[in-house]
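Protein chains in written order, with full-length UniProt numbering: chain A, 1 to 276; chain B, 1 to 373. By construction, the Cβ of each residue, glycine as well, lies at the ideal position given by its N, Cα and C atoms. One structure below.
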């Protein structure tokens, strides 16, 4: 790959992602205060309006910048874990469906159609209303709901590849189904899946933030961007902009991911003459 | 493009049922019996009649089939919602009363709520009642759910209707302008703006609008309260901000996909012909490209309207708007399951209906789809 061919917008995206991931990894070293340490008064003004804290304090007097940095950790970790899991489920099941065909394919595809007939957020609300509020459950629910979209793309891509001669050759050699899935199809389906991974990751960030905002995502006192908006939303009425800062962070991260994905998609499209 | 949650279009697969069955489903139970009965000994007796009907009215047959599939899907979704809630761990009576409840009290509550009945009995009772418009009573408030939903559904649809009224023409218009000035400043601006708008969470857009227009300028009121008997104009003013938020949320998706749909058609040879015979670019797009891109555009619009109905949930919470989405979120926080199930079913029904409408409109607008090969 030629570094000069990477467009400027993609560099912005990559730089933004680097900053966010840096914050997530080195949170305890960068953050000036602790995650839930109360350091000042309620909703103190940010530094540009003459306050002592760079971004001001939140509804309990915690430093907003520190929580933002720790929040990057939670938000990115949960979104990435959910997306990875969704891809593992989705890719495995969709490739299996495409390779085995017949009733396996029918059963999995119809089940997928059924799941997709219920809006994601509504499904999540119903399920999370019943399940205990724990982190791994949240990740699992997000992953299962997201895997339906991965399944759809994965099956479309894999059906095309299964029809190729080299897959038939592998079959005639007597390779097992798992070999065909992982050694024949997966390497050839990687580039469309990679772009999709970015899109799903951006979507997972937004979805997690929405759930946290509705009070069903990450539970306090852990910092997470959607939850921070929820904590500080009452300040809006008094003209306190604290809720807008984590909101900006979410938007910033999602824009960066989308910029990188856009570039990846264009690259794939120019290589293959259209996206599968 | 894949970021549009739930573009569930390939319901076509479900169409591989015997050709007759879906046709019969939307009718009364009686008609179902009549058409299924001869099918049991052998399909030979039934096929010709249905085949004749399908041959004579291909469009009506297709539409009836879609209706039937959607209805089956809705029943399946209701089962998923019910079983999902049922199969998950946790005893509602226990949660409802708290940890210190005596076993006797838990038992009483269970009997009161009908939880001691077998799951299948409860499911069919619930489904039967729901189909006749009775969603039971809320556990938290002991009020009739149907009454609450009835009042709030009107508010939600009012909001969604005006958001659609503004966003659809705007998206299609801007999409055409974007194609007209392709790769020029207007197109670039539209592109950058829509990419940013896709990446913004609904609640963020909502709060920025509140912060700017309600707090800093003070031109609109917050929260967006509406009540029965409110004058129409006051109501419109109250929904101005939530409506603007929804428009921004769906506009970008619709715009980008409209642009893509028209650009796709612009590759066709007849567009080149139109250009070569000296038509202006605006006229080419308006008269030659847009009508041929109608099917995908209608599809995009319907899918985004389906998304709008879901986006309403968050927007209602942000603006404290008394709609069905807020009702559902409130019910989720107190684990009021009958309300959650009722709202879930309603949202799913609207969603399935709009997807079906997208399907049917696409078929109507493109004659080639009427005779699948």
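Less than 6 Å between the CB of residue i and some heavy atom of the ligand ZN, yes or no?
i	result
residue 203 (chain A)	Of ligands this structure carries none, so the ligand ZN is not represented either.
Looking at residue i: is its Cβ nearer than 7 Å to the Cβ of residue j?
i	j	result
residue 135 (chain B)	residue 145 (chain B)	yes
residue 247 (chain B)	residue 120 (chain B)	no
residue 87 (chain A)	residue 150 (chain A)	yes
residue 138 (chain B)	residue 334 (chain B)	no
residue 262 (chain B)	residue 365 (chain B)	no
residue 78 (chain A)	residue 19 (chain A)	no
residue 123 (chain B)	residue 82 (chain B)	yes
residue 57 (chain A)	residue 44 (chain A)	yes
residue 356 (chain B)	residue 66 (chain B)	yes
residue 250 (chain A)	residue 225 (chain A)	yes
residue 144 (chain A)	residue 189 (chain A)	no
residue 63 (chain B)	residue 360 (chain B)	yes
residue 242 (chain B)	residue 315 (chain B)	yes
residue 195 (chain A)	residue 264 (chain A)	yes
If you compare alpha carbons, which of the options is closest to residue i?
i	options	result
residue 329 (chain B)	A:123, A:251, A:20	A:123
residue 313 (chain B)	B:206, B:142, B:147	B:206
residue 400 (chain B)	A:203, A:70, A:134, A:125	Because chain B is modelled from 1 through 373, residue 400 (chain B) falls outside the range shown and cannot be assessed.
residue 129 (chain B)	B:347, B:203, B:342	B:342
residue 180 (chain B)	B:275, B:357, B:362	B:275
residue 74 (chain B)	B:170, B:346, B:362	B:346
residue 230 (chain A)	A:221, A:222, A:174, A:212	A:212
residue 344 (chain B)	B:149, B:230, B:367, B:50	B:149
residue 204 (chain B)	B:336, B:362, B:311, B:57	B:311
residue 152 (chain A)	A:214, A:182, A:173, A:89	A:89
residue 147 (chain A)	A:129, A:242, A:91, A:241	A:91
residue 232 (chain B)	B:105, B:77, B:155, B:58	B:155
Would residue i be called buried (16 or more neighbouring beta carbons within 10 Å of its own) or exposed?
i	result
residue 256 (chain B)	buried
residue 288 (chain B)	buried
residue 143 (chain B)	exposed
residue 326 (chain B)	buried
residue 258 (chain B)	buried
residue 30 (chain B)	Because the pLDDT at residue 30 (chain B) is just 33, under 50, the model does not fix this residue reliably, and the point stays unresolved.
residue 49 (chain A)	exposed
residue 136 (chain A)	exposed
residue 175 (chain B)	buried
residue 132 (chain B)	exposed
residue 101 (chain A)	exposed
residue 152 (chain B)	buried
residue 5 (chain A)	exposed
residue 207 (chain A)	buried
residue 187 (chain A)	exposed
residue 321 (chain B)	buried
residue 133 (chain A)	exposed
residue 120 (chain A)	buried
residue 290 (chain B)	buried
residue 358 (chain B)	buried
residue 192 (chain B)	exposed
residue 277 (chain B)	exposed
residue 181 (chain A)	buried
residue 178 (chain A)	exposed
residue 14 (chain B)	Here the model assigns residue 14 (chain B) a pLDDT of 34, short of 50, so the residue's position is not dependable, and the following value carries that caveat. Buried, because 16 or more other Cβ atoms sit within 10 Å of the Cβ of residue 14 (chain B).
residue 75 (chain A)	buried
residue 60 (chain B)	exposed
residue 43 (chain B)	With a pLDDT of only 44 at residue 43 (chain B), under the threshold of 50, the placement of this residue in the model should not be trusted, and no figure is reported.
residue 367 (chain B)	exposed
residue 303 (chain B)	buried
Using beta carbons (cut-off 7 Å, strictly below), is residue i in contact with chain E?
i	result
residue 77 (chain A)	Included in the structure are the protein chains A and B, with no chain E among them.
- [ ] Determine contact between the segment 251 to 270 of chain B and the segment 224 to 242 of chain B, defined as no fewer than three beta-carbon pairs at a distance below 8 Å.
- [x] no
TODO: Could you run through the segment 246 to 269 of chain B and flag, in chain order, every residue whose CB is less than 7 Å away from some CB of chain A?
DONE: none
- [ ] Could you name the residues of the segment 185 to 200 of chain B whose beta carbon sits closer than 8 Å to any beta carbon of chain A, in the order they occur along the chain?
- [x] 195, 196, 198, 199, 200
Task: the segment 268 to 285 of chain B / the segment 351 to 370 of chain B touching (three or more Cβ pairs under 8 Å) - done: no
Open item on the list: Does the contact criterion of 3 or more C-beta pairs under 8 Å hold for the segment 14 to 21 of chain A versus the segment 254 to 269 of chain A?
Closed with: yes
Open item on the list: Within 8 Å, do at least three Cβ pairs link the segment 71 to 83 of chain A to the segment 192 to 207 of chain A?
Closed with: The segment 192 to 207 of chain A makes contact with the segment 71 to 83 of chain A; the number of CB pairs closer than 8 Å reaches 3 or more.
TODO: Determine contact between the segment 18 to 37 of chain A and the segment 53 to 71 of chain A, defined as no fewer than three beta-carbon pairs at a distance below 8 Å.
DONE: With a cut-off of 8 Å, the segment 53 to 71 of chain A and the segment 18 to 37 of chain A count as touching, because enough Cβ pairs lie within range.
- [ ] Would you be able to state if there are at least three C-beta pairs under 8 Å between the segment 214 to 230 of chain B and the segment 219 to 239 of chain A?
- [x] Because the criterion of three Cβ pairs below 8 Å is met, the segment 219 to 239 of chain A and the segment 214 to 230 of chain B touch.
- [ ] Report yes or no: do the segment 100 to 108 of chain A and the segment 59 to 67 of chain A share at least 3 C-beta pairs separated by less than 8 Å?
- [x] no
- [ ] Scan the segment 344 to 366 of chain B for residues whose Cβ lies nearer than 8 Å to a Cβ of chain A and list them as they occur along the chain.
- [x] 344, 347, 348, 351, 352, 355
- [ ] Note down, in chain order, all residues in the segment 46 to 75 of chain B with a beta-carbon under 7 Å from any beta-carbon belonging to chain A.
- [x] 73
TODO: Using a Cβ-Cβ cut-off of less than 8 Å, give me the residues of the segment 6 to 34 of chain A that come near chain B, in sequence order.
DONE: none
Open item on the list: So if I threshold CB-CB distances at 7 Å, which residues from the segment 208 to 221 of chain B count as touching chain A?
Closed with: 208, 210, 211, 215
Open item on the list: Tell me which residues of the segment 199 to 210 of chain A have at least one Cβ-Cβ distance to chain B shorter than 9 Å, keeping chain order.
Closed with: From the segment 199 to 210 of chain A, only 199, 200, 202, 203, 205, 206, 207, 209, 210 have a Cβ closer than 9 Å to chain B.
Task: Residues of the segment 124 to 138 of chain B with Cβ closer than 9 Å to any Cβ of chain A, in chain order - done: none
Task: Contact list for the segment 303 to 323 of chain B against chain A, Cβ threshold 7 Å - done: 310, 313, 314, 317
- [ ] Please list the residues of the segment 210 to 233 of chain A that have a C-beta atom closer than 8 Å to any C-beta atom in chain B, keeping them in chain order.
- [x] Within the segment 210 to 233 of chain A, the residues whose Cβ lies closer than 8 Å to some Cβ of chain B are 210, 213, 214, 215, 216, 226, 229, 233, listed in chain order.
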